[in-house]
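Chemist: Chains as they are written, first to last, in this note's numbering: chain A, 1 to 133; chain B, 1 to 89. C-beta atoms are modelled at their ideal positions from N, C-alpha and C, and glycine is treated no differently. Pasting in a structure now, in structure tokens, and then I'll have a few things to ask.
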């Protein structure tokens with residue numbers, strides 16, 4: 001029984017350290033990267049994983065403490081794993097809407113950021129024969 | 001071992017929250033700041049769960065759940081405001 005407790009303590013400590021290191025790496029990416037489209041990657045993927053690891057450690061700890069499965073923390077985990085992609089999608093849509101600056105190394109050429117080609121000068125503007133009244 | 005791991009992970013998460021605060025203060029555009037606040041509430045959920053682990057009882061679980069729900073709703077509301085200029089059309 002003591003061996004089980006020692007083993008579970010090791011597992012909980014591993015999940016705690018791993019989760020907080022993941023969260024730190026996600027926030028480091030948020031602080032260090034060059035433009036918004038790169039910065040979006042760190043928090044939306046890695047920080048969610050870090051919080052998931054910490055919540056797994058909490059599930060293991062309280063299951064051991066109360067000698068029965070306690071799955072309430074799973075509620076937060078599932079909620080975060082559902083909502084993180086939704087908020088990342090909305091954030092990227094609002095960034096594209098505002099036409100934020102891009103680093104030249106950021107790949108992709110989305111429709112929203114392309115230059116408007118049909119800007120006509122005054123001379124090229126169609127003259128006469130307009131269908132409009 | 002568990003005591004030491006708790007202390008180390010609280011320290012690491014505090015550094016993460018300080019980095020998020022830096023991005024909130026510096027961040028050149030509005031979506032950057034929203035993203036940093038979004039990350040900050042996710043990290044604070046982890047910090048609250050760690051506090052509950054430290055004290056050994058689960059009163060703080062409801063607080064973490066509340067922060068998760070309200071944080072998501074506020075992120076969606078601010079993004080919607082940036083996109084459409086209005087929250088409820």
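Is the beta carbon of residue 46 of chain A less than 8 Å from the beta carbon of residue 19 of chain A?
Modeler: No; because the gap between Cβ atoms is not below 8 Å, this pair is not in contact.
Chemist: Indicate whether at least one CB of chain A lies closer than 8 Å to the CB of residue 2 of chain B.
Modeler: Chain A contact via Cβ: present.
Chemist: Please list, in chain order, the chain A residues whose beta carbon lies closer than 8 Å to that of residue 87 of chain B.
Modeler: Those within 8 Å of residue 87 of chain B in chain A number zero; the least Cβ separation is about 12 Å.
Chemist: Are residue 67 of chain A and residue 59 of chain A touching if we call contact CB-CB under 8 Å?
Modeler: No; because the gap between Cβ atoms is not below 8 Å, this pair is not in contact.
Chemist: Could you give the first and the last residue of the continuous alpha helix (DSSP H) run that contains residue 86 of chain B?
Modeler: It is not in any alpha helix (DSSP H) - residue 86 of chain B carries neither H nor E in the DSSP assignment.
Chemist: What separation, rounded to the nearest whole angstrom, lies between the Cα atoms of residue 103 of chain A and residue 35 of chain A?
Modeler: Approximately 6 Å between the Cα atoms of the pair.
Chemist: In chain A, which residues lie less than 7 Å from residue 19 of chain B when you measure between Cβ atoms?
Modeler: Under the 7 Å cutoff, chain A gives 27, 28, 30 and 31.
Chemist: Taking Cβ-Cβ distances shorter than 8 Å, what residues in chain B pair up with residue 10 of chain A?
Modeler: Per Cβ cutoff of 8 Å: 1.
Chemist: What number of angstroms, rounded off, separates the C-alpha of residue 112 of chain A from the C-alpha of residue 101 of chain A?
Modeler: For residue 112 of chain A and residue 101 of chain A, the distance between alpha carbons rounds to 12 Å.
Chemist: On the CB-based measure, 16 or more other CB atoms within 10 Å of its CB, does residue 61 of chain A come out buried or exposed?
Modeler: Looking at its Cβ environment, which holds 16 or more other Cβ atoms inside 10 Å, residue 61 of chain A is buried.
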